[in-house]
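Quick notes on the structure that follows.
Numbering (this note's numbering), first residue to last: 11 to 318.
Written out as structure tokens, the structure is:
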């Protein structure tokens, strides 16, 4: 994207009065995410989760979803934190913050489809990170969750034009980024990186947002870009895309991202990819349960009622 197009896009984003600021708890949450696990204060996390009652209620619903494999119901924020671990609760809280941020947006695509893909990509990225001994699986989750932030930006900044872009991509069965470049002259990766910079997100996350469709352009010292690229492709190939089938063939083993990722995760070379995709198929219903938990407005137990 040329500097003139980038400047025009930035000005368009800044002029959108309906663009929400990030949720009040998002900034302190991101500050927590930068700390080492042993430095994180349990009481502070409980305070953050409890700060917004809607988010707290969603947090409990998600903690009780099948994705987290609980044998008994969690009925308090502190119990959820102790049971799931602080980092997993941070994942849940961030998910709820971003969902609340996007509430009320006039989407050019189905918001539930967007969240299914984002949450699916986040959880697949973490699972992949754990399997290849990547040093920070939770950061992989965060990167997967935020990688398509630009779709929200485009829906807000170019509502009419972007609705047409999405419709044409669906009709033609082509990748959304390809249709964006054809019709708009830029992609959601580029617009998302602008918002990420405005939000002062970590540089490694902005790299992911900007380059997850063009890994070879990404800094070589940031393996998260390659990891999210792979997670994104896996989701889109297994029915967690944007509600339509893309007419493309995908061979992960020959993908530049796969080669780059193997430098940071040697175990990837011996991974049974067919087995991993089978495991992913079995995992998809749990992701749908998580999406349902985020979108649900139903009160499921007294603890949620009290929080409201």
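Yeah, the Cβ is synthetic: ideal placement off N, Cα and C, and Gly gets one too.
Bear in mind the structure is a predicted one, so any value in this text is a computation, not a measurement.
- When only Cα atoms are considered, residue 132 and residue 289 end up about 16 Å apart.
- When the beta-carbon positions are compared, residue 22 and residue 200 stay at least 9 Å from each other.
- Scanning its chain for C-beta atoms nearer than 8 Å, with the 5 sequence neighbours on each side dropped, one finds around residue 20 the residues 204, in chain order.
- For the pair residue 164 and residue 151, the Cα-to-Cα distance works out to about 23 Å.
- Straight across, the Cα-Cα distance linking residue 248 with residue 37 is about 33 Å.
- Considering only 272, 250, 89, the residue with the shortest C-alpha distance to residue 296 is 250.
- Counting other Cβ atoms within 10 Å of its Cβ, residue 287 stays below 16 and is therefore classed as exposed.
- The residues 225, 226, in chain order, have a CB closer than 6 Å to that of residue 266 in the same chain once the five nearest residues on each side in sequence are set aside.
- By the Cβ test, the region 184-200 is in contact with the region 214-223, since at least three Cβ pairs between them sit closer than 8 Å.
- Excluding five sequence positions before and after residue 175, the CB atoms of its chain that fall closer than 6 Å to its own CB belong to 189, 190, 193, given in chain order.
- Comparing alpha carbon positions, the residue from 125, 89, 76, 70 closest to residue 102 is 70.
- The beta carbons of residue 99 and residue 153 sit no closer together than 9 Å.
- Between residue 242 and residue 229 a beta carbon distance of about 18 Å is seen, past the 8 Å cut, so the two are scored as non-contacting.
- About 20 Å separates the beta carbons of residue 271 and residue 212, which is beyond the 8 Å limit, so they are not a contact pair.
- Here residue 183 is exposed, its C-beta having fewer than 16 other C-beta atoms within 10 Å.
- Pairing residue 158 with residue 198 gives a Cβ-Cβ distance under 9 Å.
- By the C-beta density criterion, residue 285 is exposed, having fewer than 16 other C-beta atoms within 10 angstroms.
- When secondary structure is reduced to three states using DSSP, residue 144 falls in the coil class, being assigned neither helix nor strand.
- Secondary structure at residue 12: coil, using DSSP grouped into helix, strand and coil.
- Counting other Cβ atoms within 10 Å of its Cβ, residue 95 stays below 16 and is therefore classed as exposed.
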